[in-house]
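Visitor: Per my numbering, the sequence shown starts with residue 18, numbered consecutively.
Don't be surprised by glycine CBs; every beta carbon is placed ideally from N, CA and C.
The structure that follows is given in the form of structure tokens.
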Amino acid sequence: MSPQLSLLSLLLKLFVKPLLVHVKDPAANRELLERGARQVFRAPPFTLLRESWLEPDLRAVWISARPGSHPVPPDKAVFYIHGGGFIAGSPETHAAMLARIARLTGVEICALDYRIAPEQPFPAAWDDVRRGWDALVARGYDPENIVIAGDSAGGNLALSLLAQLCAEGIKPAGVVGIAPHTDFTFQSPSILENIDRDTILPANRRDDVARWYLGEADPTDPRASPVYADFPIAPPPVLLQYAETEILRDDARRMAEVLRGSGGEVIEHAFQDAPHVFQIFDGWVPEAREALTEIARFIRQCLDMADEPSTPPAAS
């Protein structure tokens, strides 16, 4: 573990996790993430953001590197679903990380601005994700030229979308899940095993998140908990990244078992002593750049893009 990652983990555990333990208002949690993103996660100067309406009431932000670094293939895309515990987050909170992925891949990223709880509970977010996928296909993107990706809550939505697409016989190019939450019954052993080791996620808030997002809905509904989904056809390649010490570690591991049991190829990368979704700290810790480079390589392989674009400096 790098000194930078060690310091980051300590700071998150001392200052951020206590806030998440005690701040019980979803709106306050939302403001905490938005403020932190504005102050810490600043998009690099090469970032190009383009707002788009996939439907009259469905917003997205297209994120790419500015022209001149490498050509952007017009027929390929990454469909990204942001995290934020189902109650927070936006394309803007994740724009800095997504801009770096766009630069590393040479692919434009469509970041969906889906409805969030508790104002819009389940299945509103899932419905928006499905509508976003359908809108991309309607615009001419072939499913085999789209990689679905998401972190945390967004990883949940990405994998549940994958399950539904496979049930319909549709295969995207691949899926990236960054520390995905996959089980709203909270059966993963790591939730209790890592309750004190997780540097940011408070396990004692899980029932609050379930109440805000699911309400009275069935927590085993595959749209809410993709670990309970059936895959009638073999899923496309999936990359799962997570931290050994986070409470959602076994959500990712169990999801990998389900996908492999359905004939899918799954790459798992467990990072030691890293915070939840540490990838968003690229430019601050070297492990984040290692993770994003792996994600970019996976995306390019899924999209049959052999030649890698030039890599930006780690601090860019």
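Taking the straight line between their C-alpha atoms, what separation do you get for residue 187 and residue 251?
Guide: 10 Å
Visitor: Going by DSSP, what residues sit across from residue 258 in a beta bridge?
Guide: Looking at the DSSP assignment, residue 258 forms a beta bridge with 195 and 286.
Visitor: Starting from the C-beta of residue 311, find all residues in its chain whose C-beta is less than 8 Å away, skip the five residues before and the five after it, and write them out in chain order.
Guide: Correct list, in chain order: 256, 258 and 286.
Visitor: Measure the C-alpha to C-alpha separation of residue 332 and residue 118 and round it to an integer number of angstroms.
Guide: Residue confidence for residue 332 is low, a pLDDT of 43 falling below 50, so the modelled location carries little weight; the figure read from the coordinates is stated next. Cα to Cα, residue 332 sits roughly 13 Å from residue 118.
Visitor: Return the CA-CA distance between residue 46 and residue 36, expressed in angstroms with no decimal places.
Guide: Here the C-alpha atom of residue 46 lies approximately 9 Å from the C-alpha atom of residue 36.
Visitor: Going by DSSP, name the residue or residues bridged to residue 96.
Guide: 127 and 165
Visitor: Is it true that the segment 47 to 64 meets the segment 75 to 85, where meeting means three or more beta-carbon pairs spaced less than 8 Å apart?
Guide: yes
Visitor: Helix, strand or coil, according to DSSP, for residue 71 in the structure here?
Guide: strand
Visitor: Tell me whether residue 146 sits in a helix, a strand or coil according to DSSP, three-state version.
Guide: helix
Visitor: Would you kindly work out how many angstroms separate the C-alpha atoms of residue 261 and residue 293, rounded to a whole number?
Guide: 10 Å
Visitor: For residue 193 and residue 317, what's the separation of their Cα atoms in angstroms?
Guide: 12 Å
Visitor: Answer yes if the segment 18 to 35 comes into contact with the segment 288 to 302, meaning at least three C-beta pairs across the two stretches below 8 Å, and no otherwise.
Guide: yes
Visitor: With DSSP as the reference, label residue 107 as helix, strand or coil.
Guide: Here residue 107 carries a coil assignment [DSSP, helix/strand/coil].
Visitor: For residue 284, which residues of its own chain have a beta-carbon under 8 Å away from its beta-carbon, when the five flanking residues on both sides are left out?
Guide: 254, 255, 256, 257 and 315
Visitor: Judging by CA-CA distance, which residue of 58, 242, 298 and 175 is the nearest neighbour of residue 271?
Guide: 242
Visitor: Any beta carbon of chain C sitting closer than 7 Å to that of residue 104?
Guide: Considering every chain present, this structure includes no chain C. It has just one protein chain.
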